[in-house]
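*Asks:* Can you read through this structure? Questions will come right after.
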Amino acid sequence: MKLTTSVLLCIGALFLSLPSAAQKPSIQHGPWITNVTETGFTVMWTTAEKTFTWLELAPDDGSALSACRRPRFYNTISGRRQAGTIHSIDVTGLEPGKGYRYRIYGKIVTDDSSAYGTAYGPESRMSTSTVRTFNHKSDKCSFVMVNDIHGKDETFKALTREISADSVDFFLMNGDMVSYINDREYFLQHVYDPAAELLASTPLVYARGNHETRGSEAHCFGQYNPTSTEEPYFLFRQGPVAFLVIDAGEDKPDSSPEYSGYADFETYRSEQLEWIKTATRCPEFSEAPLKVAIMHIPALKERSSYFAQLWVNEHFLPVLNDAGIDLMLSGHHHTHKYIQPGQCGNKFPILANDDTDRLEFEASADGYMIRTVDTEGKITATYNQDGKVTR
Ligand SMILES: [Fe+2]
-14 MKLTTSVLLC IGALFLSLPS AAQKPSIQHG PWITNVTETG FTVMWTTAEK
36 TFTWLELAPD DGSALSACRR PRFYNTISGR RQAGTIHSID VTGLEPGKGY
86 RYRIYGKIVT DDSSAYGTAY GPESRMSTST VRTFNHKSDK CSFVMVNDIH
136 GKDETFKALT REISADSVDF FLMNGDMVSY INDREYFLQH VYDPAAELLA
186 STPLVYARGN HETRGSEAHC FGQYNPTSTE EPYFLFRQGP VAFLVIDAGE
236 DKPDSSPEYS GYADFETYRS EQLEWIKTAT RCPEFSEAPL KVAIMHIPAL
286 KERSSYFAQL WVNEHFLPVL NDAGIDLMLS GHHHTHKYIQ PGQCGNKFPI
336 LANDDTDRLE FEASADGYMI RTVDTEGKIT ATYNQDGKVT R
């Protein structure tokens, strides 16, 4: 039988795409640390090949990792451990404010066609790093925020290269890190790769922007960014500060032709409003000396304000005022905006960071200090609880 060139190429491609029995697993994107609490965190990463993975944990106390058998964690669903290309391992049962070392391991699945026996490639260590859990008893809180990067890797790298994992409690992405999610690979490449070393050891908090709601794969956002509520809005506490991460959704009316019938954000915002009313009454939030709201679209009301911004100003803002919010941090406008209390119904200042600065935040129970820093490392503005200090 004579095989045509195209048939040979197809057979060749088939063999090339199959993992060899000797192939070791390697990470494609990650790891990044998310969903951090006082007692746990989630480690996420992706692989090109279907891989069976697990995580070993040890306290970050200088003891030898191999000194004794360390606890292992797996991605387990209803009693069955998972293999795949998206890896999400919940680490639980930890102590507040404590450093932990983690190692992730894997072996490529070479044949799982039988329900009674899976063949694997060799076992290999894929990554090692450290992370610290949150602690509401800590006397300080610090983080760095970037926003509106829109896939510009060089800007992202310039804004994050000076940040050392030891210097901050977490790293905050405040929306529009990419312009849309039509392709998962594009999303992973531009969100988790440019600051990969930082994200392997610094808790990531990712507030969704209006642009992350766009594109045929936009629904994957939550899969890569698990939260305590399983929604992009959630609450957490570090030291004296309680954080309310909220999501204004898309900026235009749901009926806008660009959304092609996919948008249902008017219902989403109304449901979220009810959640905010309840969540802000819990002691984790209400007893915090400082309360910070994080929302990509600031709850402003200006002449240029459009649909969703006006809605959150009218509906979210009164609830946030009643909840005793001390500060809102936002982005969206690609320029600095500092809105004094009382300017548009707000009882607290609203600070929108621009797209070419990082925002550095430090707080104690007595107050906070904010610096915005450009890609050259130059301080562009300083704020505290009394307002703008310099410009
Ligand atoms: Fe935006």
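Mapped onto my numbering, the consecutive letters of the sequence shown carry residue numbers -14 to 376.
By construction, the Cβ of each residue, glycine as well, lies at the ideal position given by its N, Cα and C atoms.
Remember, predicted model here, so these are calculated numbers, not experimental data.
Quick test of your reading: V279 and L157, contact by CB under 8 angstroms. State the CB separation rounded to the nearest angstrom.
*Replies:* One point to set straight first is that residue 279 is Ile, not Val, in the sequence displayed. Contact flag correct, Cβ pair sits at about 7 angstroms.
*Asks:* Please enumerate, following chain order, all residues with a beta carbon closer than 7 angstroms to at least one heavy atom belonging to ligand 1.
*Replies:* Cβ atoms closer than 7 angstroms to ligand 1 belong to D133, G160, D161, G194, N195, H196, D236, H281, I282, G316 and H317.
*Asks:* Would you call the CB atoms of G224 and N159 closer than 8 angstroms?
*Replies:* Contact: no.
*Asks:* How big is the Cα-Cα spacing for T367 and Y323?
*Replies:* Approximately 11 angstroms, taken between the alpha carbons.
*Asks:* Helix, strand or coil, according to DSSP, for K142 in the structure here?
*Replies:* Correct three-state label for K142: helix.
*Asks:* Under 8 angstroms between the Cβ atoms of T115 and G84?
*Replies:* Against a cut-off of 8 angstroms, the Cβ pair of G84 and T115 comes out as a contact.
*Asks:* Which residues does DSSP pair with I324 in a beta bridge?
*Replies:* For I324, which the question treats as bridged, DSSP gives the partners I335.
*Asks:* Return the residue from the list P179, G106 and E202 that minimises the CA-CA distance to K137.
*Replies:* If we check each option's Cα against that of K137, P179 comes out closest.
*Asks:* Straight-line CA distance for I71 to Q370?
*Replies:* Distance between the alpha carbons of I71 and Q370: 42 angstroms.
*Asks:* Whole angstroms are fine: how far does the CA of C126 sit from the CA of R351?
*Replies:* As written in the sequence, residue 351 is Asp, which differs from the Arg given in the question. The alpha-carbon atoms of D351 and C126 are separated by roughly 12 angstroms.
*Asks:* With distance defined between alpha-carbon atoms, name the residue in L275, S48 and A6 nearest to A104.
*Replies:* Among L275, S48 and A6, the Cα nearest to that of A104 is on A6.
*Asks:* For the alpha helix (DSSP H) containing A181, list its first residue and its last residue.
*Replies:* It spans A181 to L184 - the alpha helix (DSSP H) in which A181 sits, taken as one unbroken run.
*Asks:* According to the Cβ coordinates, are T263 and S271 closer than 8 angstroms?
*Replies:* Not a contact, by the Cβ cut-off of 8 angstroms.
*Asks:* To the nearest angstrom, report how far apart E202 and L275 are at their CA atoms.
*Replies:* Using only the alpha carbons, I get a separation of about 36 angstroms.
*Asks:* Would you mind reading off the limits of the alpha helix (DSSP H) that contains E299?
*Replies:* F292 to D307 is the span of the alpha helix (DSSP H), which, as asked, contains E299.
*Asks:* Using the beta-carbon count (16 or more within 10 Å), is S73 buried or exposed?
*Replies:* Flag for S73 reads buried.
*Asks:* Are at least three pairs of beta-carbons, each pair with one atom in the segment 13 to 24 and one in the segment 90 to 103, less than 8 angstroms apart?
*Replies:* The segment 13 to 24 is not in contact with the segment 90 to 103.
*Asks:* For the segment 231 to 241 and the segment 253 to 261, state whether three or more C-beta atom pairs, one from each stretch, are separated by less than 8 angstroms.
*Replies:* The segment 231 to 241 is in contact with the segment 253 to 261.
*Asks:* Report the rounded CA-to-CA distance for P242 versus P211, giving the unit in angstroms.
*Replies:* So the alpha carbons of these two residues sit roughly 30 angstroms apart.
*Asks:* Return the chain-ordered list of same chain residues with a C-beta closer than 7 angstroms to the C-beta of L302, the five sequence neighbours on each side being excluded.
*Replies:* Excluding residues within five positions, the ones whose Cβ falls inside 7 angstroms are A284, G330 and N331.
*Asks:* Taking the Cβ atom as the reference point for each residue, do F141 and I148 lie within a distance shorter than 8 angstroms?
*Replies:* Cβ atoms of F141 and I148: not closer than 8 angstroms.
*Asks:* Going by C-alpha to C-alpha distance, which of T320, G47, E235 and E269 sits closest to A308?
*Replies:* Nearest of T320, G47, E235 and E269 to A308, Cα basis: E269.
*Asks:* Drop a sphere of 10 angstroms on the beta-carbon of H14, count the other beta-carbons inside from all chains shown, and report buried for 16 or more, exposed for fewer.
*Replies:* H14 is buried by the Cβ-count criterion.
*Asks:* With distance defined between alpha-carbon atoms, name the residue in P10, I12 and M29 nearest to I18.
*Replies:* If we check each option's Cα against that of I18, M29 comes out closest.
*Asks:* Quick one: residues in its chain with C-beta nearer than 6 angstroms to the C-beta of P238, no 5 flanking neighbours on either side, listed in chain order?
*Replies:* Once the five neighbours on either side are set aside, the close Cβ partners of P238 are F292.
*Asks:* Given this structure, state the Cα-to-Cα distance separating G106 from K92, to the nearest angstrom.
*Replies:* Distance between the alpha carbons of G106 and K92 is about 6 angstroms.
*Asks:* What residue does the alpha helix (DSSP H) around R169 start on, and which one ends it?
*Replies:* Start and end: R169 to Y177.
*Asks:* In this structure, does DSSP put R55 in helix, strand or coil?
*Replies:* Residue state, collapsed to three classes: coil.
*Asks:* Straight-line CA distance for L183 to Y209?
*Replies:* Straight-line Cα distance between these residues: approximately 17 angstroms.
*Asks:* With a threshold of 16 other CB atoms inside 10 Å of the CB of E170, please say whether the residue is buried or exposed.
*Replies:* Result: exposed.
*Asks:* Just the Cα atoms here: how many angstroms apart are M354 and S98?
*Replies:* Taking the straight line joining both Cα atoms gives about 58 angstroms.
*Asks:* Measuring straight from C-alpha to C-alpha, what distance separates S164 and G64?
*Replies:* Using only the alpha carbons, I get a separation of about 38 angstroms.
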